[in-house]
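In this note's numbering, the protein residues as written are 5 to 221.
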């Protein structure tokens with residue numbers, strides 16, 4: 005009979021471990037972040053963008069642009085996870101980059117301090133998104149689009165943390181957790197939509213699509 009100090013405990017300890025990523029103590033500290041930090045940073049940003057939006061355009065236009073921005077984030081989440089995070093770059097340097105970007109999370113998926121993006125990573129992503137959105141939409145429409153995009157990012161971070169560290173109370177939450185755990189422990193090449201799993205159905209990377217192909221064989 006296995007005890008809590010046996011193999012099961014060793015696996016649990018490995019999954020929750022928080023390995024050192026950088027020799028520099030400051031960089032290593034910055035690679036870890038409490039899950040509430042994005043809330044403190046980005047809720048005020050979203051509120052300010054919403055304020056600018058509703059003061060610059062009609063309520064209908066603002067809400068429509070926010071929905072568009074949210075959808076744009078969910079596509080960014082899906083394709084970023086599928087192609088950037090899971091891109092296995094050749095060579096020793098490439099292997100190191102892949103580990104820093106996403107490999108460490110697959111090796112230690114329950115590390116509570118590496119489940120949301122550090123602001124030093126999410127900040128540049130959102131700044132780049134702002135530049136692209138401003139170029140495409142101009143002002144003032146860029147404000148509500150960016151508000152929706154940022155809200156989508158924040159939702160992704162919160163969902164990602166909670167599917168790893170909370171027991172969902174709703175049917176939808178349990179589905180999100182199940183699909184993400186399948187991504188971690190069954191097939192890394194499916195289930196890329198963490199907060200927006202419908203894109204996996206659209207692009208053929210859902211676990212349901214896997215079952216359908218297996219049935220036809």
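We treat Cβ as the ideally placed atom computed from N, Cα and C, and that holds for glycine.
Model, not experiment: these values are computed from the prediction.
Looking at the structure shown, is residue 181 part of a helix, part of a strand, or coil, going by DSSP? helix
Pair within 7 Å by beta-carbon distance, residue 82 and residue 197: yes
At what residues does the alpha helix (DSSP H) containing residue 125 begin and finish? 123–141
8 Å contact criterion, which residue 95 and residue 151 should meet: CB distance rounded: Actually they do not touch by this definition, with Cβ atoms about 40 Å apart.
If residue 37 sits next to residue 117, beta carbons under 8 Å apart, how far is it from one beta carbon to the other, in whole angstroms? 6 Å
Collapsed DSSP secondary structure at residue 38 in the structure displayed: DSSP, read as helix, strand or coil, puts residue 38 in coil.
Are the region 33–49 and the region 119–127 touching by the rule of at least three beta carbon pairs closer than 8 Å? Contact check between the region 33–49 and the region 119–127: three or more CB pairs, one atom from each, fall below 8 Å, which counts as touching.
On the criterion of 16 or more Cβ atoms from any shown chain inside 10 Å, does residue 179 qualify as buried, or is it exposed? exposed
On a Cα-Cα basis, can you pick out the residue from 171, 75 and 110 that is closest to residue 187? 110
8 Å contact criterion, which residue 158 and residue 75 should meet: CB distance rounded: Rounded, the Cβ-Cβ distance is 15 Å, inconsistent with contact.
Mapping DSSP to helix, strand and coil, what is residue 32? The answer is helix: DSSP assigns residue 32 an H, G or I state.
Return yes when the Cβ of residue 66 is within less than 7 Å of the Cβ of residue 148, no when it is not. yes
Note down the Cα distance separating residue 90 from residue 30, rounded to an integer number of angstroms. The straight-line gap from Cα to Cα measures roughly 27 Å.
Give me the Cα-Cα distance between residue 205 and residue 155, rounded to the nearest whole angstrom. 23 Å
Buried or exposed by the 16-neighbour rule on C-beta atoms within 10 Å, applied to residue 63: Exposed: under 16 other Cβ atoms inside 10 Å.
Quick one: is residue 139 buried, meaning 16 or more other Cβ sit within 10 Å of its Cβ, or exposed? exposed
Nearest-angstrom Cα separation, counted from residue 137 out to residue 54: 15 Å
Beta-carbon separation of residue 199 and residue 160 under 7 Å? Contact: yes.
My output table needs one value for residue 55: the three-state DSSP class, helix, strand or coil. helix
Nearest-angstrom Cα distance between residue 77 and residue 133? For residue 77 and residue 133, the distance between alpha carbons rounds to 9 Å.
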